[in-house]
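So the structure is just underneath, and the comments pick up after that.
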Amino acid sequence: MAKTKEQFYGQSLVEERKRKEMISNLIAYIILSIGAFTMVIPFLWTISTALKDPSDVYDGRFIPQRFSYIYVDKDGKFVPGSAYREGYKEVRSWWANFVKAWIAVPFDKYYRNSLIVATITTLGQLVTCTLAAYAFARLRLFGRDAVFLLYL
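If you're matching positions, the sequence shown starts at 1 in our numbering and goes up one per residue.
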């Protein structure tokens with residue numbers, strides 16, 4: 001049975017609409033991927049810089065070129081670099097910068113304080129936003145919509 005003109009054009013319009021939607025989705029995903037890549041690069045650069053030797057920070061290379069050495073005893077505990085080397089193994093490590101930073105300052109204390117502040121702030125925001133949402137949903141006040149727009 002032959003298709004009528006309306007059936008043929010209707011089907012081609014649906015296919016054309018699907019094709020346009022697929023192309024627009026592809027363009028949107030490409031733009032989002034470029035944006036995500038742009039947002040991730042500074043984070044990766046920060047990690048790369050943290051793993052570098054201080055003399056390599058400004059050389060313009062992304063991957064560290066020199067490696068630091070740390071000394072580990074048989075139990076896996078860190079030993080100062082100037083320690084007597086017999087009975088210890090020398091381990092190439094990019095993480096020496098983090099070990100130095102952890103030893104130089106009370107990082108665990110700072111981390112704990114940051115965690116406490118972040119938790120209290122999050123809970124405070126949650127309580128405040130819940131109360132505000134209830135007020136906006138239940139109370140019919142003059143200018144409520146304008147205040148809601150400002151709140152957003």
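Note that beta-carbon positions come from the ideal geometry of N, C-alpha and C, so glycine has one too.
Contact check, residue i vs residue j, beta carbons under 7 Å
{"i": "valine 57", "j": "threonine 49", "result": "yes"}
Local Cβ density within 10 Å of residue i, reported as buried at 16 or more and exposed below that
{"i": "lysine 52", "result": "buried"}
Sequence-distant residues of its chain with Cβ nearer than 8 Å to residue i (five each side left out)
{"i": "glycine 143", "result": "none"}
Separation of residue j from residue i, as counted between CA atoms
{"i": "valine 91", "j": "valine 117", "result": "Low per-residue confidence applies at valine 91: pLDDT is 49, beneath 50, and the placement is therefore not dependable, though the value from the model is reported in the following sentence. The straight-line gap from Cα to Cα measures roughly 37 Å."}
{"i": "isoleucine 120", "j": "serine 114", "result": "10 Å"}
{"i": "alanine 101", "j": "phenylalanine 107", "result": "8 Å"}
{"i": "tyrosine 88", "j": "phenylalanine 98", "result": "With a pLDDT of 46 at tyrosine 88, under the threshold of 50, the predicted position of this residue should be treated as unreliable, though the coordinate-derived value follows. Rounded to whole angstroms, tyrosine 88 to phenylalanine 98 spans 21 Å at the Cα level."}
{"i": "serine 55", "j": "leucine 149", "result": "51 Å"}
{"i": "lysine 20", "j": "leucine 32", "result": "18 Å"}
{"i": "glutamate 15", "j": "proline 42", "result": "42 Å"}
{"i": "serine 178", "j": "isoleucine 34", "result": "For the chain, the structure presents residues 1 to 152; residue 178 sits outside this window and is missing."}
{"i": "tyrosine 110", "j": "leucine 141", "result": "45 Å"}
{"i": "alanine 146", "j": "phenylalanine 37", "result": "37 Å"}
{"i": "isoleucine 134", "j": "threonine 128", "result": "The sequence shown places tyrosine at residue 134, not isoleucine. Straight-line Cα distance between these residues: approximately 10 Å."}
{"i": "phenylalanine 62", "j": "arginine 112", "result": "31 Å"}
{"i": "phenylalanine 136", "j": "leucine 26", "result": "39 Å"}
{"i": "threonine 46", "j": "methionine 22", "result": "37 Å"}
Test: residue i CB closer than 7 Å to a CB of chain D
{"i": "isoleucine 27", "result": "You won't find chain D in this structure, because it holds only one protein chain."}
Residues of its chain near residue i, where Cβ-Cβ distance is below 7 Å and the 5 sequence neighbours each way are ignored
{"i": "tyrosine 151", "result": "Ala132"}
{"i": "leucine 44", "result": "none"}
Cβ shell of residue i (< 6 Å), same chain only, five flanking positions each side left out
{"i": "serine 12", "result": "none"}
Check: residue i C-beta below 6 Å from any heavy atom of the ligand GTP
{"i": "phenylalanine 43", "result": "Summarising the ligand content, the structure contains no ligands, and the ligand GTP is consequently not present."}
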